[in-house]
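Protein chains in written order, with this note's numbering: chain B, 6 to 308; chain G, 1105 to 1538.
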């Protein structure tokens, strides 16, 4: 794109180049005083994060584009995985185990509506947890709020999620099943799913920097979680007296919420359990961010 | 213009390092007890979110200690010191990559750190995408990159490959692109570590010019380099770090002089103890002076021999990046010149003709061997010297190692001129080369 431009002589350092950059910055940014002290609580932490939103966007974009550049089948991968899982779960839980669906919703649709948040959760968990170690080169050479790396890595999961959501609508159309007005709450539950996964993801990402053992915990959590969470079955099959305890798994609230808003009222939201899940999500998020912030200043020393 | 932009007070940075204790455990009981103790300690450290230390003795190592200085707006400051003096740690603290353990720093303005060229380049992404990615990582805004995009591309000379993934770039193109982005970075405070040590002469010249213009624009530059000529050329003042402490702060000329005169230890090497049994061992190596201006390097090697023998002594010269650039040998290429040893300690005074060696800093490695037969001992990079010859008569300037065009100047002249056009080209080339 620059071929048509007049070429500047390469050897001459042009002193006029440097003049405009300073004028562009708001005076506040130029005169901002940063104080570096041991264990100083960063007062402007969240404001600082805002300053780095462009880096966040570009890192997220990098992760997304690299993800789809390196694979042969590209987007097809995001289609095949949930589709096959849906088929297997429908056969195993629906046909073989004869578990009931939610109301009149087709079993496959119910499975898919639960799988959607589960894949979102598990992908964010695995992508974010390893993101700091994968970007160790950046962490040891450049400053930026470290929080943006795991969060940007989670954006990849959102892209996958969007693709899976389209397939869900395809499956619904196949079964002639229409969602109702409750679907407008879907964005809220997407945010909930992201927050639910970021809490543990941030905690593990920070631990992973110091102790690489935590890398092996993620596949285990993901594999295990698929069966203890109501992905292949409805959470209504859980006996009433255990349901509150079951809801302490934060994913339960997220999946139930997804089914509630996607399955046209066929799923009844178990409110005490859902609120319990919300509390657990908030607790994990708080713990995750707290631990992350406590350790992030030492990342460059130990990574 | 003389407003303070960086103020460091009592700055310190410590790391914890672990050692295995020297005691020998013979009983299984002791071994188990120790392992259990370590395991418990690791578990406690982990629970508290602390670093786990391998080994049963933990030692605190201060990479920086009580470092205080003030830097005014528009200053270009060179930080010099030996390897391990804490230069890189200081830059990491100032660029907020790592947190200080003690003291306090106040920084006014936007800091960009260039501790490595091409940080964050992704091989799968195209040249265009990497410019945006790398620029953002170095702290440029999207608008800023967009404005300078053509300049960057032009500088790197990769117009035709903009939409090719960087993994298909030649290593030269890769480096040029990375440099191009870095050279267009214009923050208020720029922190640079050894970046100038790589890249071709053209880039270095451009980068030096850029830094001078950046400084003239009221920006502040902190530069760590082993390359003293570039520090002398660019910096106004200097800071000497020694073992994590500030040794001297002052104008750049005085700082470099002091650094040269105080650099004890770089000119002498003494072997600690024998690790291996060998017939001829290098006990010590020393240089007559650290700054060599005559084209003659004088060094003393003390060799302890156990047998009467004829050995050769090789002197290898490495440039500032550790690349071997020259070799001198006593006897290595004709056994008749080999040195005779007698049992005991002998001292050899060796003189090496440096010829047309480029101006810059060098390290010396020495080994003792018998060619094709036996290797006795070697010491790698045991002493260092700075070669600063005067400009010879009939020349305008000397070859600098920092140009990265080579470490030796070979004589060249035109022997025949075929036509006018060709001769003009030749004359240009010669001017560039000498």
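Where is the CB? At the ideal position from N, CA and C, for every residue including glycine.
Model, not experiment: these values are computed from the prediction.
When you compare the CB positions of residue i and residue j, do they come within less than 7 Å of one another, or not?
i, j, result
"residue 63 of chain B", "residue 1240 of chain G", "yes"
"residue 176 of chain B", "residue 124 of chain B", "no"
"residue 226 of chain B", "residue 219 of chain B", "no"
"residue 137 of chain B", "residue 214 of chain B", "yes"
"residue 1487 of chain G", "residue 1389 of chain G", "yes"
"residue 1356 of chain G", "residue 1341 of chain G", "yes"
"residue 1383 of chain G", "residue 1362 of chain G", "no"
"residue 1171 of chain G", "residue 1295 of chain G", "no"
"residue 67 of chain B", "residue 1237 of chain G", "yes"
"residue 1115 of chain G", "residue 1168 of chain G", "yes"
"residue 40 of chain B", "residue 1210 of chain G", "yes"
Using DSSP's beta-bridge definition, name the partner residues of residue i.
i, result
"residue 1384 of chain G", "G/1409"
"residue 1415 of chain G", "G/1443"
"residue 1428 of chain G", "G/1422"
"residue 1208 of chain G", "G/1113"
"residue 139 of chain B", "Paired residues: none, contrary to the question."
"residue 1467 of chain G", "G/1422, G/1488"
"residue 1166 of chain G", "G/1118"
Taking residue i as the reference, give the member of the options with the closest Cα.
i, options, result
"residue 293 of chain B", "B/108, B/205, B/166, B/231", "B/205"
"residue 1417 of chain G", "G/1475, G/1117, G/1317", "G/1475"
"residue 279 of chain B", "B/194, B/213, B/221, B/212", "B/194"
"residue 1217 of chain G", "B/70, B/60, B/149", "B/149"
"residue 42 of chain B", "G/1184, G/1253, G/1198", "G/1198"
"residue 1509 of chain G", "G/1467, G/1461, G/1519", "G/1461"
"residue 1470 of chain G", "G/1407, G/1134, G/1185, G/1518", "G/1407"
"residue 1482 of chain G", "G/1339, G/1347, G/1387, G/1295", "G/1387"
"residue 170 of chain B", "B/232, B/84, B/187", "B/84"
"residue 287 of chain B", "B/65, B/50, B/192, B/200", "B/200"
"residue 126 of chain B", "B/162, B/102, B/274", "B/162"
"residue 182 of chain B", "B/277, B/270, B/305", "B/270"
"residue 1421 of chain G", "G/1468, G/1381, G/1433, G/1457", "G/1468"
"residue 53 of chain B", "G/1190, G/1200, G/1188, G/1164", "G/1200"
"residue 1257 of chain G", "G/1286, G/1243, G/1272", "G/1286"
Since residue i meets chain G, which of its residues come closer than 8 Å, beta carbon to beta carbon?
i, result
"residue 148 of chain B", "1199, 1200, 1201, 1215, 1217"
"residue 302 of chain B", "1202, 1203"
Which of the three DSSP states is assigned to residue i in this structure?
i, result
"residue 273 of chain B", "coil"
"residue 312 of chain B", "The first residue shown for chain B is 6 and the last is 308, placing residue 312 of chain B beyond what the model contains."
"residue 303 of chain B", "helix"
"residue 1236 of chain G", "helix"
"residue 1423 of chain G", "coil"
"residue 1369 of chain G", "Note on residue 1369 of chain G: pLDDT 46, under 50, position unreliable in the model; no value is reported."
"residue 1511 of chain G", "coil"
"residue 266 of chain B", "helix"
"residue 1133 of chain G", "helix"
"residue 1269 of chain G", "strand"
"residue 1121 of chain G", "strand"
"residue 1108 of chain G", "strand"
"residue 238 of chain B", "coil"
"residue 1223 of chain G", "coil"
"residue 1518 of chain G", "coil"
"residue 308 of chain B", "coil"
"residue 1230 of chain G", "strand"
"residue 297 of chain B", "helix"
"residue 1244 of chain G", "coil"
List the residues of chain B whose Cβ lies closer than 9 Å to the Cβ of residue i, in chain order.
i, result
"residue 1514 of chain G", "Chain B residues near residue 1514 of chain G: none, gap ~23 Å exceeds 9 Å."
"residue 1326 of chain G", "Near residue 1326 of chain G there are no residues of chain B at all, since even the closest Cβ is about 14 Å away, more than 9 Å."
"residue 1209 of chain G", "39, 40, 41, 42"
"residue 1237 of chain G", "63, 64, 66, 67"
"residue 1141 of chain G", "Within 9 Å Cβ-Cβ: nothing; residue 1141 of chain G doesn't reach chain B, min ~19 Å."
"residue 1119 of chain G", "306"
Just the chain G side, please: which residues come within less than 7 Å of residue i by C-beta, in chain order?
i, result
"residue 143 of chain B", "1223, 1224, 1241"
"residue 136 of chain B", "Within chain G, no residue comes near residue 136 of chain B; the closest Cβ sits about 13 Å away, beyond 7 Å."
"residue 246 of chain B", "Residues of chain G passing the Cβ test: none, with the nearest at roughly 34 Å."
"residue 305 of chain B", "1196, 1201, 1202"
Please list, in chain order, the chain B residues whose beta carbon lies closer than 8 Å to that of residue i.
i, result
"residue 1205 of chain G", "43"
"residue 1273 of chain G", "Residues of chain B passing the Cβ test: none, with the nearest at roughly 16 Å."
"residue 1250 of chain G", "Chain B residues near residue 1250 of chain G: none, gap ~12 Å exceeds 8 Å."
"residue 1363 of chain G", "Here the premise fails: no neighbours, minimum Cβ distance about 27 Å."
Note down, in chain order, every chain A residue with its Cβ under 7 Å from the Cβ of residue i.
i, result
"residue 1220 of chain G", "The structure shown has no chain A; the protein chains it does contain are B and G."
Under 7 Å Cβ-Cβ, which residues of chain B neighbour residue i?
i, result
"residue 1195 of chain G", "Near residue 1195 of chain G there are no residues of chain B at all, since even the closest Cβ is about 10 Å away, more than 7 Å."
"residue 1245 of chain G", "59"
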